[in-house]
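Chemist: Just passing along the structure, written as C-alpha cells.
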Amino acid sequence: MAERLDVTGEWQRVSMRYAVVESIGSVIGWLIVALGATVPIWLANDQRMPWWGWLPLAAAGALALIGVVWAFLRTRTIGYLQRPDDLLVRRGMLFRRFVAVPYGRMQIVDITQGPIERMFGLKTLKFVTAAASSAITIPGMPGSTAEELRDRLVAVSESRRAGL
1 MAERLDVTGE
11 WQRVSMRYAV
21 VESIGSVIGW
31 LIVALGATVP
41 IWLANDQRMP
51 WWGWLPLAAA
61 GALALIGVVW
71 AFLRTRTIGY
81 LQRPDDLLVR
91 RGMLFRRFVA
101 VPYGRMQIVD
111 ITQGPIERMF
121 GLKTLKFVTA
131 AASSAITIPG
141 MPGSTAEELR
151 DRLVAVSESR
161 RAGL
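Be aware that the sequence shown starts at 1, since it is given in the UniProt record's numbering, and climbs by one per residue.
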C-alpha cells in the first residue's frame, strides 16, 4: 500500500503581484516578436502596410493576452509548506510538481531579484542541494518574507547538517 504524503499545515502562496511581473514579461516578449515580424513587411512594401501585414501583430496581441491569463492562473499554483524535516514546494497547473527539500541537504539558499521584480518589491528564493538537478525556486515572494525564510532555512539547515 502506498504511503500517503503528509501535507498537513498551512501552505504559503506567493504574491499575486508576481502574476503582474510575469504578464509584463510576456507582453514585452510578444511585442518584440510582433515588431520583428511586422516591420520587415512594412519596409518591404515601400512603407505601405498591406492588410495581411497586420496579422502578425494581431496574433502576437492575442498570444500576449493568453500569456497574461496563464500567468495569473500559474501564479495561483505556486506555494510552499514548512514541515518539521523539510520544505515542500509545489507548482504547476497541468503537471503538478511537489518537491520535498530536506533541511539537512540544503547547501545554498540564494535570493535573486530582476528589474521588474524590484519595481514590485518581489524576490525569488532559490535553494540548491547536493544533487545536480535540484535547483528549486520560489518566485514572487515579498522581500521581507524571502529574507526571513532564507535566514530560517540557513539556520535550520546548518543545525541539521551538524547533526549528520
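Using N, Cα and C, we set each Cβ at its ideal position, and we do this for glycine too.
Would you call the stretch 112-124 and the stretch 137-157 in contact, with 3 or more CB pairs under 8 Å?
Modeler: Contact between the stretch 112-124 and the stretch 137-157 is present, because at least three Cβ pairs lie under 8 Å.
Chemist: Tell me whether alanine 100 sits in a helix, a strand or coil according to DSSP, three-state version.
Modeler: Looking at alanine 100 - three-state DSSP - the assignment turns out to be strand.
Chemist: Bridge partners for aspartate 86 per DSSP, in chain order?
Modeler: Beta-bridge pairing links aspartate 86 to Pro102.
Chemist: Please report how far the alpha carbon of alanine 60 lies from the alpha carbon of serine 26, in whole angstroms.
Modeler: Going from the Cα of alanine 60 to the Cα of serine 26 covers about 10 Å.
Chemist: Does the stretch 44-54 come within contact of the stretch 100-108, defined as at least 3 CB pairs closer than 8 Å?
Modeler: As far as the Cβ criterion goes, the stretch 44-54 does not touch the stretch 100-108, which means the pair count is below three.
Chemist: Using the DSSP secondary-structure output, state which residues sit across from leucine 63 in a beta bridge.
Modeler: Note: leucine 63 sits in no beta bridge, so no partner.
Chemist: Where does glutamate 3 land, buried or exposed, given buried means 16+ other C-beta within 10 angstroms?
Modeler: Here the model assigns glutamate 3 a pLDDT of 44, short of 50, so the residue's position is not dependable, and the following value carries that caveat. Exposed, because fewer than 16 other Cβ atoms sit within 10 Å of the Cβ of glutamate 3.
Chemist: On the DSSP bridge list, what partners appear for glycine 92?
Modeler: In the DSSP output, where bridge partners are listed per residue, glycine 92 has none listed.
Chemist: Less than 7 Å between the C-beta atoms of isoleucine 111 and arginine 150, yes or no?
Modeler: Yes.
Chemist: Pairing CB atoms from the stretch 68-76 with CB atoms from the stretch 120-131, are three or more of them under 8 Å?
Modeler: No, because fewer than three Cβ pairs between the stretch 68-76 and the stretch 120-131 fall closer than 8 Å, the two stretches do not touch.
Chemist: Please go through the same chain and pick out, in chain order, the residues whose beta-carbon is closer than 7 Å to the beta-carbon of aspartate 85, but skip the five residues on each side of it.
Modeler: If we look at aspartate 85 and ignore the five residues flanking it on each side, its Cβ neighbours are Pro102 and Tyr103.
Chemist: What is the DSSP secondary structure of arginine 17, counted as helix, strand or coil?
Modeler: Three-state result, arginine 17: helix.
Chemist: If you reduce the DSSP assignment to three classes, tell me which class threonine 137 lands in.
Modeler: It is a strand residue.
Chemist: Quick check on glycine 25: does DSSP put it in helix, strand or coil?
Modeler: Residue state, collapsed to three classes: helix.
Chemist: Tell me whether isoleucine 41 sits in a helix, a strand or coil according to DSSP, three-state version.
Modeler: Helix at isoleucine 41.
Chemist: What would DSSP say about isoleucine 32, mapped onto helix, strand or coil?
Modeler: In this structure, isoleucine 32 counts as helix in the three-state DSSP scheme.
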